[in-house]
Structure formats: C-alpha cells, structure tokens
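Listed in order, the protein sequences are those of chains R and X.
According to this note's numbering, numbering within the first sequence proceeds without interruption in unit steps and concludes at 164.
According to this note's numbering, numbering within the second sequence proceeds without interruption in unit steps and concludes at 637.
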Amino acid sequence: MTVRFSYGRIAHVLLWGGLAVASLGMSIPKIYSGVTQYPLRPTGPLHTCDSYLKFATGASGASKDLISIFQSMTASKRIIIFTRKDDAFSSGLGMTTAYLASPHLVRLFEISGTHPDNELSKMNPDELAAVVFCRVNRPNWLPAGKVIGSGLEVVSTSEKKVRR
Amino acid sequence: MSALALLGAFGTLLGAGYGFLTLLARKETQLSLTEQIAFSWLLGTGAVSLLLWIFGLFVHGILLPGLVSIICLSLGLVGWRRMVPRPLRRKPNLFEIFLGIIVFLEIAIVFYLSFVHTLGWDGLLNWEIKAHYAFANGGVIPATYFSDSGRAFSHPEYPLAIPFTELWLYLWLGEADQFWAKTIFPIFYVIGTFLVVALGKRFTGKTWNGLLMAAFLFFVPQITVEVGSAIAGYADFPLSIFYLATIGCLFCATEPKNDAFFRLYAACLALLPWVKRDGLILWIVAAACGVFVILRTKRSSRHFLALFPGLLIICGWRFYLSAMHAPQAAADFLPMNLETFSSHLDRILPLFSALLAEFHNLPIWSLFWFVVAVGVAYLLGQMRNPGTPVLLNALFVPIVLYLLIYVFSSWPNYLEHVGLSISRLLLHVAPVGFLIILLAVSRRRVKSPAPVHERGVTCTMAVSERTPVVELA
Chain R
1 MTVRFSYGRI AHVLLWGGLA VASLGMSIPK IYSGVTQYPL RPTGPLHTCD
51 SYLKFATGAS GASKDLISIF QSMTASKRII IFTRKDDAFS SGLGMTTAYL
101 ASPHLVRLFE ISGTHPDNEL SKMNPDELAA VVFCRVNRPN WLPAGKVIGS
151 GLEVVSTSEK KVRR
Chain X
165 MSALALLGAF GTLLGAGYGF LTLLARKETQ LSLTEQIAFS WLLGTGAVSL
215 LLWIFGLFVH GILLPGLVSI ICLSLGLVGW RRMVPRPLRR KPNLFEIFLG
265 IIVFLEIAIV FYLSFVHTLG WDGLLNWEIK AHYAFANGGV IPATYFSDSG
315 RAFSHPEYPL AIPFTELWLY LWLGEADQFW AKTIFPIFYV IGTFLVVALG
365 KRFTGKTWNG LLMAAFLFFV PQITVEVGSA IAGYADFPLS IFYLATIGCL
415 FCATEPKNDA FFRLYAACLA LLPWVKRDGL ILWIVAAACG VFVILRTKRS
465 SRHFLALFPG LLIICGWRFY LSAMHAPQAA ADFLPMNLET FSSHLDRILP
515 LFSALLAEFH NLPIWSLFWF VVAVGVAYLL GQMRNPGTPV LLNALFVPIV
565 LYLLIYVFSS WPNYLEHVGL SISRLLLHVA PVGFLIILLA VSRRRVKSPA
615 PVHERGVTCT MAVSERTPVV ELA
C-alpha cells in the first residue's frame with residue numbers, strides 16, 4: 001500500500017487536527033466540571049420530586065408526605081395552589097405540588113405579594129379539598145395546616161372550612 | 165427484581181423494533197449490528213408508545229400491557245424468522261479498537277451522569293408527568309388531565325413517544341419510578357453513537373471515521389452536560405437522534421434502488437412529530453428533502469406514500485386532542501398568520517443576532533458550529549450529489565424555521581424566550597452537523613451518481629475510489 005502525500009492532504013489533516021484539538025481543549029474543562037460537580041443521589045421512585053422539594057423547602061422525602069395528605073382528601077374536589085409572581089422557587093414548588101396532587105384537579109394562582117386574602121375570600125370552600133401556600137403567607141383567619149419544611153403549607157378544607 | 169423487569173421492558177421494546185426493522189429492510193439489505201440495534205430501539209420506542217396510546221383508547225389495566233407485550237413478542241418472532249443479514253465482519257485495527265474503547269468509556273460516563281442528575285424541569289413536568297398519571301390510571305392518561313387548566317403548565321398537548329416509553333418501563337416495573345425512567349435517555353445516546361458509527365461507515369467506507377465522530381459527540385457540552393442534554397430527560401435529544409436516523413437513511417436512499425433505506429427513512433420520518441411538537445417542523449423539512457430525493461432519483465410516485473404514516477400520526481394526535489378538549493394552541497406564541505408576521509418583522513434582525521451569539525456560545529457548544537461551518541464549506545463544491553443538498557437543507561432550514569417561529573413569540577421580552585430555548589432547538593439538528601463534518605473529514609469527492617447493489621456494505625451513492633469490495637479487502 002502506498003500513501004500519497006500532497007500539500008492539499010497535509011493542509012486537510014492539519015486543519016481538521018487543529019480543529020479537533022481546539023474543540024477538545026474548549027470542551028474538556030466544561031465536561032469535567034459537569035461530571036465531577038454532583039455526587040450520586042439516593043434513588044427512589046420519586047427522587048426527582050424529592051430533590052426539588054428538598055431544594056425549595058429543605059424537607060427530605062417530602063413527596064410521600066404530600067401524596068398521603070392529598071390522598072386523604074375527597075378526590076372530586078379541587079386543590080388551590082398559591083404561588084408568588086417573580087419567585088422561581090415559589091413557582092417551581094407550586095408546579096411540583098400540582099404534579100403530586102393528582103388525581104385532584106388543581107388551580108394555580110400566581111399572586112403579587114405574599115397575602116392571598118382577596119383571592120381566598122372569593123372562593124367557595126365546599127368546592128375545595130385543600131389550599132396550598134408556596135412561599136406565600138397563610139392568612140391568619142385560616143387554621144394552620146401541615147407545614148412541610150420552610151415555605152410550603154397545606155391546609156385541608158375538608159376538615160376546617162375556609163371563612164367566606 | 166427491577167433489573168429483570170427492565171430487561172423485560174427493553175427486551176420487548178427491542179423485539180418489536182427488530183420485527184419492524186426486518187419487515188422494512190427485508191432480506192435484501194445488509195445491516196451491521198450497530199444499525200440493527202439502533203433502528204430496533206428507535207422503531208421499538210415508536211411502536212410501543214403508539215400501541216399503548218391506540219390500545220389505550222379501548223382497554224386499560226392489566227389487559228393493556230398484556231396486549232402490547234403479545235404484539236411485541238409476535239413482532240420479535242417475525243424478526244427472528246426474517247433475520248436481516250449482516251455484512252462480513254473484518255478484524256478491527258488498533259486505531260478502531262482504541263476509538264471503540266473511548267466511545268465505550270464516554271457511554272459509561274453518560275450513564276453515570278444521568279444517574280447523578282435528577283430529571284430536568286421539563287423532563288419531570290412536561291414528559292414524566294404524563295407517564296406517571298397514565299400509570300396511576302391503568303395505562304391511560306386520565307381525560308381530566310387534558311382539560312385541567314391547572315395543569316396546562318405541563319403541556320398536555322405534547323405527543324407521547326417519550327412519556328409512553330417511560331410508561332412501558334413503569335408497567336413492567338409495577339411502579340412509577342423516576343429513577344429508572346432516566347435509563348431511556350442514555351440509551352438514546354448509545355443509539356446516537358451507534359448511528360454515527362454506522363452512517364460514518366456507510367458514508368465514507370471507513371469505520372474509524374464513524375468512531376471518531378461518535379467519540380466527538382461526547383465533547384459537545386449541549387449534548388452531554390447542559391440543560392436539555394442527553395441526561396436531562398427532555399425530548400430534545402431523542403428527537404435529534406430520530407432526525408439523525410431520518411436524514412441519514414434519506415442520504416443512503418439517494419443511491420438508486422436503495423429502497424430499504426427509503427422505507428427506514430419513511431418510518432423514522434413518521435415518528436418525528438410523535439416525539440415532540442417541534443418534530444413537526446423537522447417532519448416538514450425531512451419530508452421536503454424526501455420529495456426532492458424522489459424527484460431527483462426518478463423514483464416511482466408510490467414513494468410519496470412515505471409521507472402518509474407521518475400525516476396519519478399528526479392528524480390522529482390532533483383529532484385526539486380535540487376529542488379530549490385539550491388546548492392545542494401554544495400559550496407562548498401569538499396566532500400564526502400573515503398579519504402578526506408583518507407587524508413583528510422588526511424582530512428578525514435581533515433574532516438573527518441572537519442566533520449568531522448562540523453559535524459562538526463556547527461554554528455550551530464549544531467549537532462545534534465553527535467546525536460545522538468548515539464542513540459546510542467543504543461540501544459546497546459537491547452540490548451535484550443529491551445527498552449533499554439533503555444534508556445542508558436538513559441542517560439549515562429547521563434553524564431558519566425555528567428562528568422565524570420566535571417572530572410570533574408572545575413573551576414580553578421575546579429575546580429572553582429565544583435565550584431559554586434556542587440551544588435545545590439547535591440540538592435537534594446538531595447530529596446532522598456531525599454527518600456533514602464526517603463527509604468533510606473523509607474528503608470524499610463525489611463525481612456522478614451510480615447504482616450500487618443493495619447488498620453492498622456501504623451506501624456510497626457515487627463512484628468513489630473505495631468500493632465495498634475494496635474496503636472489505
């Protein structure tokens with residue numbers, strides 16, 4: 001077998017070799033930090049939800065608690081979730097809670113500020129299974145609910161009626 | 165127990181895919197082992213998710229996985245009876261073994277990464293949520309989910325290929341398990357590397373070319389470690405692999421009489437809109453490329469039927485959403501009409517600058533797009549070969565269409581909308597960029613189309629200094 005060398009072929013090899021080396025030089029630090037950044041996490045059926053809830057509230061294994069709370073409520077009634085505008089943590093917490101609230105229908109309310117009194121006062125408590133506050137303050141006139149970590153509270157309205 | 169269940173789920177899925185593969189490829193075409201595994205997986209995920217959806221309209225509970233399993237096993241039996249022939253094997257050289265080890269290590273790292281990370285935000289709330297709810301409801305997504313405005317954030321209108329592949333695992337595992345659901349995404353990475361290796365061999369006649377490209381796949385951060393990458397549980401990476409298979413098969417089908425690859429192209433094409441809604445744009449582009457190939461290679465008009473399965477899936481899914489009263493219009497976009505377009509024309513220039521900025525976003529893409537640009541420059545001189553315009557259009561047209569979509573963005577700051585999603589949209593076409601680089605690196609000069617035997621190992625669509633016989637020798 002003979003190998004023919006030409007300037008074109010040498011330029012071709014140099015060009016692609018150079019590009020390959022430059023690409024590797026650029027990528028390897030990023031990939032390395034991506035690979036070494038996180039340790040192995042505990043496994044489990046709800047491990048993503050648990051991680052999100054732990055990140056937002058500090059509570060470990062909160063998904064199971066939330067599911068069991070929602071399962072103890074009448075499935076035909078809706079769950080209301082309050083989140084704060086311009087607060088990514090609150091919004092994420094609200095959506096994760098909505099995910100776990102199945103098979104209940106849910107309604108997400110994004111409010112400005114931290115006091116949902118106006119919105120709550122317009123609701124019919126008979127149609128609600130629970131009200132969830134995600135980094136939003138529970139009105140004082142509403143009985144305390146189950147607090148999960150910091151910033152997440154579930155008030156079951158099937159046990160205590162919401163004041164109209 | 166979980167390992168056995170996973171084995172059952174993946175085994176039935178691959179069995180179904182292999183059955184379909186043998187029906188499509190028939191005994192007339194030789195496919196390498198990597199091709200057989202890759203196409204079996206892609207066709208298997210498509211078939212199982214479609215079967216779960218269609219049978220779920222009529223049955224639920226234990227009957228649903230039972231029925232789908234029987235069909236998978238039957239297809240597997242068909243595959244066993246009609247085995248696709250494999251090309252003659254030759255001993256790999258030292259360089260190929262070295263590259264093979266690198267690719268293997270990279271695959272191991274991608275698996276590790278996917279287990280280290282949780283599902284990404286969209287991975288959980290757009291995709292896995294559907295699998296979870298369907299599992300809890302006997303394998304069928306509850307009708308209330310589609311009309312529940314409170315869960316509109318999870319996009320009930322998104323198609324089901326990925327969630328129902330996850331559902332298939334859940335049905336075998338007996339529980340909805342977010343940890344094991346992640347296993348399907350590194351498998352898509354494996355399939356991507358297999359396809360690049362196999363297409364590299366077919367395009368250039370040399371295995372090391374494909375192995376080298378497959379090894380470089382790992383070094384694009386957007387593919388391995390970034391948001392929406394192969395480890396995040398998003399549908400973007402699987403969609404990019406389906407698109408790679410579609411365009412790769414179409415390129416091979418530019419050979420006259422290579423109908424087996426044309427049928428594989430048609431199957432992969434049909435699944436694009438079933439993986440993600442954006443797949444509709446890729447479907448349009450790939451279908452247009454298919455029409456071009458049919459006309460250019462003077463194939464009979466019956467080849468236009470290749471577009472039919474995809475149309476059926478698109479219309480079927482739309483009809484299903486209407487029947488379920490699901491919202492079909494995306495909340496992120498204004499009504500798409502000429503009036504909106506003309507009133508937002510001023511966005512086009514800023515959009516193009518945002519795209520250019522994304523191309524040289526080195527932490528996300530490294531030098532990938534620069535290298536692709538060099539590859540494109542190499543291929544510009546080979547436009548007479550029908551495969552070259554197919555590849556270039558398959559790369560550029562979706563990018564332009566994606567960009568134009570943002571003209572209709574309803575976000576107050578549309579450039580923020582672009583910034584959040586453009587890297588994932590570019591990911592859809594990135595593997596096709598690897599095919600372009602592959603051809604450029606191999607520096608194959610294409611002179612004129614010439615027929616090649618279907619049983620050939622490579623899909624050289626033109627006269628080359630290398631023929632399959634020479635290559636094997």
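By construction, the Cβ of each residue, glycine as well, lies at the ideal position given by its N, Cα and C atoms.
From a predicted model like this one, the values you see are computed outputs, not experimental measurements.
- Item | Per-residue DSSP class, three states only, for VAL280 of chain X | Translated into the one-based positions of the second sequence, residue 280 of chain X becomes position 116. It is helical.
- Query: Hey, quick one: how far does the beta strand (DSSP E) through LEU83 of chain R stretch, first residue to last?
  - Reply: Mapped onto the first sequence, residue 83 of chain R falls at position 83. Reading the sequence as shown, one finds Thr at residue 83 of chain R and not Leu. 78-84 is the extent of the beta strand (DSSP E) around THR83 of chain R.
- Query: Looking at the C-beta of ALA167 of chain X, does it have a partner C-beta in chain R at a distance below 8 Å?
  - Reply: Within the second sequence, numbered from 1, the residue matching residue 167 of chain X stands at position 3. The beta-carbon of ALA167 of chain X is placed no less than 8 Å from the nearest beta-carbon of chain R.
- Going along chain R in order, which residues have a C-beta closer than 8 Å to the C-beta of ALA300 of chain X? Locating residue 300 of chain X in the second sequence gives position 136, where the first residue counts as 1. Those within 8 Å of ALA300 of chain X in chain R are SER102 and PRO103.
- Message: Quick check: what's the CA-CA separation for LEU565 of chain X versus LEU589 of chain X?
- Response: Translated into the one-based positions of the second sequence, residue 565 of chain X becomes position 401. Translated into the one-based positions of the second sequence, residue 589 of chain X becomes position 425. Cα to Cα, the separation comes out at about 11 Å.
- Going by alpha carbons, who is nearest to PHE279 of chain X out of X:GLY240, X:GLU260, X:ARG463 and X:ALA396? Within the second sequence, residue 279 of chain X is the residue found at index 115, counting from 1. With respect to the C-alpha of PHE279 of chain X, the residue from X:GLY240, X:GLU260, X:ARG463 and X:ALA396 having the closest C-alpha is X:ALA396.
- Name the chain X residues that come within less than 8 Å of VAL106 of chain R, Cβ to Cβ? As a working mapping, residue 106 of chain R is identified with position 106 in the first sequence. Here the neighbours are ASP312, GLY314 and ARG315.
- Message: Assuming contact is defined by CB atoms lying nearer than 8 Å, are PHE365 of chain X and ASP400 of chain X in contact in what I supplied?
- Response: In the second sequence, the residue the question calls residue 365 of chain X occupies position 201. In the second sequence, the residue the question calls residue 400 of chain X occupies position 236. Before going further, note that residue 365 of chain X is Lys rather than Phe in the sequence given. No.
- Item | Assigned secondary structure, SER156 of chain R (DSSP; H/G/I helix, E/B strand, else coil) | On the first sequence, residue 156 of chain R is found 156 positions in, with the first residue counted as 1. Looking at SER156 of chain R - three-state DSSP - the assignment turns out to be strand.
- Whole angstroms is fine: what's the gap from LEU231 of chain X's alpha carbon to GLY172 of chain X's? The residue given as residue 231 of chain X occupies position 67 in the second sequence. The residue given as residue 172 of chain X occupies position 8 in the second sequence. When the Cα atoms are used, LEU231 of chain X and GLY172 of chain X turn out to be separated by approximately 15 Å.
- Task: With a cut-off of 8 Å on the beta carbons, I'd call LEU555 of chain X and VAL596 of chain X a contact; round off their distance for me.
- Result: Here residue 555 of chain X is taken as the residue at index 391 of the second sequence, counted from 1. Here residue 596 of chain X is taken as the residue at index 432 of the second sequence, counted from 1. 7 Å between Cβ atoms; contact.
- Query: Would you say the beta carbon of ALA11 of chain R comes nearer than 7 Å to a heavy atom of the ligand MG?
  - Reply: Among the ligands in the structure shown, none appear at all, so the ligand MG cannot be discussed.
- Task: Just grab the DSSP bridge partners of ALA130 of chain R for me.
- Result: Here residue 130 of chain R refers to the residue found at position 130 of the first sequence. In the DSSP output, where bridge partners are listed per residue, ALA130 of chain R has R:ILE79 and R:SER156.
- Message: List, from N- to C-terminal side, the alpha helix (DSSP H) runs of 4 residues or more that fit wholly inside the region 369-400 of chain X.
- Response: Counting only runs of 4+ residues, the alpha helix (DSSP H) found wholly inside the region 369-400 of chain X occupies 371-381 and 385-388, in chain order.
- Taking only runs of the alpha helix (DSSP H) that begin and end inside the region 548-622 of chain X, which ones reach a length of at least 4 residues, in chain order? Within the region 548-622 of chain X, the complete alpha helix (DSSP H) runs of at least 4 residues are 551-569 and 578-606.
- Could you work out which residues of chain X lie near GLY44 of chain R, taking near to mean beta carbons separated by less than 7 Å? In the first sequence, counting from the first residue as 1, residue 44 of chain R sits at position 44. Per Cβ cutoff of 7 Å: PHE343.
- Query: Skipping 5 residues on each side, what residues in its chain have a beta carbon closer than 8 Å to that of PRO615 of chain X?
  - Reply: Residue numbering aside, residue 615 of chain X sits at position 451 when the second sequence is read from its first letter. For PRO615 of chain X, the predicted structure reports a pLDDT of 41, less than 50, and the residue's modelled location is therefore unreliable. A value from the coordinates is still provided. In the same chain as PRO615 of chain X, and ignoring 5 residues on each side of it, the C-beta atoms closer than 8 Å to its own belong to GLU419, PRO420 and LYS421, in chain order.
- Item | Straight-line gap, GLY179 of chain X to LYS370 of chain X (C-alpha atoms, nearest Å) | What you label residue 179 of chain X is simply residue 15 of the second sequence in a count that begins at 1. What you label residue 370 of chain X is simply residue 206 of the second sequence in a count that begins at 1. If you take the alpha carbons of GLY179 of chain X and LYS370 of chain X, they lie about 29 Å apart.
- Item | Members of the region 272-286 of chain X that neighbour chain R once the beta carbon cut-off is set at 8 Å | Those residues of the region 272-286 of chain X that come within reach of chain R (Cβ to Cβ, closer than 8 Å) are ILE273, TYR276, LEU277, PHE279, VAL280, HIS281, THR282, LEU283 and TRP285.
- Message: Quick check on the DSSP output: the alpha helix (DSSP H) that includes LYS64 of chain R runs from which residue to which?
- Response: Within the first sequence, the letter at position 64 stands for residue 64 of chain R. Per DSSP, LYS64 of chain R belongs to the alpha helix (DSSP H) from 62-71.
- Message: Using only the alpha-carbon positions, how far apart do PRO103 of chain R and ALA75 of chain R sit?
- Response: Along the first sequence, one-based indexing puts residue 103 of chain R at 103. Along the first sequence, one-based indexing puts residue 75 of chain R at 75. About 6 Å.
- Answer yes or no: does any C-beta atom of chain X fall closer than 8 Å to that of ALA56 of chain R? Within the first sequence, numbered from 1, the residue matching residue 56 of chain R stands at position 56. Closer than 8 Å: no.
- Message: Tell me the residue span of the beta strand (DSSP E) that contains PHE222 of chain X.
- Response: Position 58 of the second sequence, counting from 1, holds the residue named residue 222 of chain X. Segment: none, PHE222 of chain X is in no beta strand (DSSP E) and carries neither H nor E.
- Item | In DSSP terms, what ILE106 of chain R is bridged to | For the purposes of this step, residue 106 of chain R is taken as the residue at position 106 of the first sequence. According to the sequence shown, residue 106 of chain R is Val rather than Ile. Its beta-bridge partners are R:ILE79.
- Item | Within-8 Å CB hit, LYS611 of chain X to chain R | Working through the second sequence from its first residue, we reach residue 611 of chain X at position 447. Because LYS611 of chain X carries a pLDDT of 42, less than 50, the predicted location of this residue cannot be relied on, and the following value inherits that uncertainty. Chain R, which has no Cβ nearer than 8 Å to the Cβ of LYS611 of chain X, makes this no.
- Message: Considering just the uninterrupted stretch of the beta strand (DSSP E) at ASN146 of chain R, what are its terminal residues?
- Response: As a first step, residue 146 of chain R must be located in the first sequence, where it is residue number 146. First, the residue type needs correcting, since residue 146 of chain R is Lys and not Asn in the sequence shown. Here the beta strand (DSSP E) through LYS146 of chain R covers 146-148.
- Query: What are the complete beta strand (DSSP E) segments, minimum 3 residues, inside the region 308-332 of chain X?
  - Reply: Counting whole runs of 3 or more residues, the region 308-332 of chain X contains no beta strand (DSSP E) stretch at all.
- Task: Could you check if MET547 of chain X is buried or exposed, using at least 16 other CB atoms within 10 Å of its CB as the buried criterion?
- Result: In the second sequence, residue 547 of chain X corresponds to position 383, counting from 1. So MET547 of chain X ends up on the exposed side.
- Alpha-carbon spacing of THR193 of chain X relative to PHE598 of chain X, whole angstroms: Translated into positions along the second sequence, residue 193 of chain X becomes position 29. Translated into positions along the second sequence, residue 598 of chain X becomes position 434. Distance between THR193 of chain X and PHE598 of chain X, taken at the CA atoms: about 25 Å.
- Task: Determine, using beta carbons only, whether TYR484 of chain X comes closer than 8 Å to chain R.
- Result: For the purposes of this step, residue 484 of chain X is taken as the residue at position 320 of the second sequence. Cβ-Cβ to chain R under 8 Å: no for TYR484 of chain X.
- Pick out whichever of X:LEU168, X:PHE497, X:ALA451 and X:VAL536 has its Cα sitting closest to the Cα of TYR570 of chain X. Residue mapping note: residue 570 of chain X aligns to position 406 of the second sequence, counting from 1. It is X:PHE497.
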